[in-house]
Amino acid sequence: MLKGLSKLRDSLSKTRDNLFGKINLALGFKKLDDETLDNIEESLLQADLGVGATTRIIDEIRSRARRELLSNSDEALNLLKEEIRTILTSARKEPLLNGSGSLVVFLVVGVNGSGKTTTIGKLAKLHSQNGKKVMIAACDTFRAAAVEQLQTWAMRSGVEFTRSHDNADPAAVAYDATISADAKGMDLLLVDTAGRLHTKSNLMQELSKIRRVIEKADPQATIRTLLVIDGTTGQNALKQVEAFTAAAGCDGLIVTKLDGTAKGGVVVAIAQELEAPVRYICIGEGIDDIQEFDAAEFAEALLE
Ligand SMILES: Nc1nc2c(ncn2[C@@H]2O[C@H](COP(=O)(O)OP(=O)(O)OP(=O)(O)O)[C@@H](O)[C@H]2O)c(=O)[nH]1
Ligand SMILES: [Mg+2]
Numbered sequence: 069m070l071k072g073l074s075k076l077r078d079s080l081s082k083t084r085d086n087l088f089g090k091i092n093l094a095l096g097f098k099k100l101d102d103e104t105l106d107n108i109e110e111s112l113l114q115a116d117l118g119v120g121a122t123t124r125i126i127d128e129i130r131s132r133a134r135r136e137l138l139s140n141s142d143e144a145l146n147l148l149k150e151e152i153r154t155i156l157t158s159a160r161k162e163p164l165l166n167g168s169g170s171l172v173v174f175l176v177v178g179v180n181g182s183g184k185t186t187t188i189g190k191l192a193k194l195h196s197q198n199g200k201k202v203m204i205a206a207c208d209t210f211r212a213a214a215v216e217q218l219q220t221w222a223m224r225s226g227v228e229f230t231r232s233h234d235n236a237d238p239a240a241v242a243y244d245a246t247i248s249a250d251a252k253g254m255d256l257l258l259v260d261t262a263g264r265l266h267t268k269s270n271l272m273q274e275l276s277k278i279r280r281v282i283e284k285a286d287p288q289a290t291i292r293t294l295l296v297i298d299g300t301t302g303q304n305a306l307k308q309v310e311a312f313t314a315a316a317g318c319d320g321l322i323v324t325k326l327d328g329t330a331k332g333g334v335v336v337a338i339a340q341e342l343e344a345p346v347r348y349i350c351i352g353e354g355i356d357d358i359q360e361f362d363a364a365e366f367a368e369a370l371l372e
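Adding 68 to a residue's 1-based position in the sequence shown gives its number in our numbering.
Here it is, written out as structure tokens:
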């Protein structure tokens, strides 16, 4: 885990520099006046913490400064870190896997190119390594070569794979895959879906149809809709979560591409604004570049 933490810390270095480089500058030379607070506010917004989290943090610093509870810039910085830590660790989450023995289906959804297929490859390896019997279903029948891309991931992670012909109805593929996963005694079925813009309502309806047919194929199955968010997207992520949640529900988020971005603060914005908890984060293109989201660890990597 220590190795995971240091990789996470490396991945978040740009976000950390973006956030605290400027804040240190703002705090370093001046007292905590309105201009300094404005500068801190700007840094938080630029690191994509979002308006809600930023306002909460600035209000708290301002109020303590007024009451003269903050006597120097170190104390202000510590308060800021404490607030970010509190926001990150406040989300409640039910476990994704139920342990009851019935099939669990991860319906993996998101906008084009957010990292769904790659993440499925990573999830397959992670869970099969933990002793689960895993099958991947190729329900992106729309984009050319999507099925082959997914099949390569299934081979890399050594799990079962099920597909249909190109342009098959994705709901029909999901139905057959669920039946097949049950017949083969699988624990976990990972369903890849085509990328779709959250503003296209017909495509969003297709997701609720896929969900319904999985329920029909196995009423006992536990379906978890996981929304994959590109961590470099910024505040549009919040709109995506709203739209996908309305169409297919949302049991959790997977934030990808946190390696190398300066916008990793979006994870704080998500924790502040949304019910849906972050479940996994991805920090690279390799099969092992996925981590279960641990809020306290993330806070540490972001802030230390
Ligand atoms: N750096 C980095 N790249 C990633 C990560 N996850 C995915 N990618 C890259 O993002 C690109 C798109 O990934 P895909 O998995 O194909 O995305 P997708 O959501 O399935 O795309 P569509 O099916 O076309 O909607 C690929 O080049 C991946 O290698 C990550 O955590 N870090
Ligand atoms: Mg894909």
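Built from N, CA and C at the ideal position, the CB exists for glycine as well.
Can you tell me where the beta strand (DSSP E) with residue i in it begins and where it stops?
{"i": "LEU294", "result": "290 to 298"}
{"i": "PHE229", "result": "228 to 230"}
{"i": "THR324", "result": "320 to 324"}
{"i": "GLN303", "result": "From DSSP, GLN303 is part of no beta strand (DSSP E); its letter is neither H nor E."}
{"i": "LEU175", "result": "172 to 177"}
Using only the heavy atoms of ligand 1, determine whether one of them is closer than 8 Å to the beta carbon of residue i.
{"i": "CYS207", "result": "no"}
{"i": "VAL325", "result": "First, the residue type needs correcting, since residue 325 is Lys and not Val in the sequence shown. Under cutoff, so the answer is yes."}
{"i": "ILE351", "result": "yes"}
{"i": "ALA315", "result": "no"}
{"i": "VAL179", "result": "yes"}
{"i": "GLN340", "result": "no"}
{"i": "ALA214", "result": "yes"}
{"i": "ALA242", "result": "no"}
{"i": "GLN217", "result": "yes"}
{"i": "ASP260", "result": "yes"}
{"i": "SER182", "result": "yes"}
{"i": "ARG211", "result": "yes"}
{"i": "VAL335", "result": "no"}
{"i": "VAL296", "result": "yes"}
{"i": "GLY199", "result": "no"}
{"i": "GLY263", "result": "yes"}
{"i": "GLY328", "result": "yes"}
{"i": "ASP357", "result": "yes"}
In the DSSP assignment, find the unbroken alpha helix (DSSP H) run with residue i in it and report its ends.
{"i": "MET254", "result": "From DSSP, MET254 is part of no alpha helix (DSSP H); its letter is neither H nor E."}
{"i": "GLU151", "result": "141 to 157"}
{"i": "GLY118", "result": "118 to 134"}
{"i": "VAL398", "result": "In this structure the chain extends from 69 to 372, so residue 398 is not present and cannot be described."}
{"i": "ARG84", "result": "81 to 84"}
{"i": "LEU137", "result": "Per DSSP, LEU137 belongs to no alpha helix (DSSP H) and is neither H nor E."}
{"i": "ARG279", "result": "269 to 285"}
{"i": "PHE423", "result": "Residue 423 is absent from the structure shown; the chain starts at 69 and stops at 372."}
{"i": "ALA339", "result": "334 to 341"}
{"i": "ALA115", "result": "That residue, ALA115, is in no alpha helix (DSSP H); it is neither H nor E in DSSP."}
Which residue from the options puts its Cα closest to that of residue i?
{"i": "ASP207", "options": "ASP244, LYS201, VAL172", "result": "Strictly speaking, residue 207 in this sequence is Cys, with Asp absent from that position. Minimum Cα distance to CYS207 is reached at ASP244."}
{"i": "LEU164", "options": "THR230, ASP298, ASP357, LEU256", "result": "LEU256"}
{"i": "LEU258", "options": "THR290, GLN308, LEU100", "result": "THR290"}
{"i": "LEU95", "options": "LYS82, SER111, THR83", "result": "SER111"}
{"i": "GLN288", "options": "GLU136, VAL172, THR122", "result": "VAL172"}
{"i": "ILE152", "options": "ASP116, THR301, GLN217, ALA305", "result": "ASP116"}
{"i": "LYS331", "options": "GLY320, GLN303, ALA339", "result": "GLN303"}
{"i": "LEU265", "options": "GLU365, GLN308, GLU368, ILE155", "result": "GLN308"}
{"i": "CYS350", "options": "PHE361, GLU341, GLU343, GLN340", "result": "PHE361"}
{"i": "LEU113", "options": "PRO345, ASP357, GLY333, ILE355", "result": "GLY333"}
{"i": "ALA305", "options": "GLY118, GLU103, HIS233, ALA285", "result": "GLY118"}
{"i": "LYS99", "options": "LYS82, GLU136, THR83, GLY72", "result": "GLU136"}
{"i": "ARG292", "options": "SER269, GLU162, GLN219", "result": "GLU162"}
{"i": "GLY328", "options": "GLU341, ASP298, ALA159, ALA339", "result": "ASP298"}
{"i": "GLU283", "options": "ALA339, ALA240, THR186", "result": "ALA240"}
{"i": "ALA192", "options": "GLY354, ALA369, ASP78", "result": "GLY354"}
{"i": "ASP234", "options": "ALA285, ALA344, ALA214, GLY226", "result": "ALA214"}
{"i": "GLN219", "options": "ALA242, ILE188, ALA249", "result": "ILE188"}
From residue i to residue j, what distance separates their C-alpha atoms?
{"i": "GLN273", "j": "LEU145", "result": "46 Å"}
{"i": "ASN86", "j": "CYS318", "result": "30 Å"}
{"i": "GLU372", "j": "ARG231", "result": "45 Å"}
{"i": "VAL202", "j": "LEU294", "result": "16 Å"}
{"i": "GLY72", "j": "ILE155", "result": "22 Å"}
{"i": "THR157", "j": "ALA364", "result": "6 Å"}
{"i": "LYS190", "j": "PHE312", "result": "22 Å"}
{"i": "LEU275", "j": "SER141", "result": "50 Å"}
{"i": "HIS195", "j": "ILE247", "result": "20 Å"}
{"i": "SER182", "j": "THR104", "result": "36 Å"}
{"i": "THR186", "j": "TRP221", "result": "7 Å"}
{"i": "THR122", "j": "GLN340", "result": "10 Å"}
{"i": "ASN198", "j": "THR209", "result": "29 Å"}
{"i": "ASP106", "j": "ASN270", "result": "43 Å"}
{"i": "GLU310", "j": "VAL346", "result": "14 Å"}
{"i": "GLU143", "j": "VAL176", "result": "42 Å"}
{"i": "LYS184", "j": "LEU342", "result": "21 Å"}
Please tell me whether, using a cut-off of 8 Å, the distance from the CB of residue i to the nearest non-hydrogen atom of ligand 4 is below it.
{"i": "THR187", "result": "Summarising the ligand content, the structure contains ligand 1 and ligand 2 and does not contain ligand 4."}
* To do: Quick one: residues with CB closer than 5 Å to any heavy atom of ligand 2, in chain order, please.
  => LYS184, THR185
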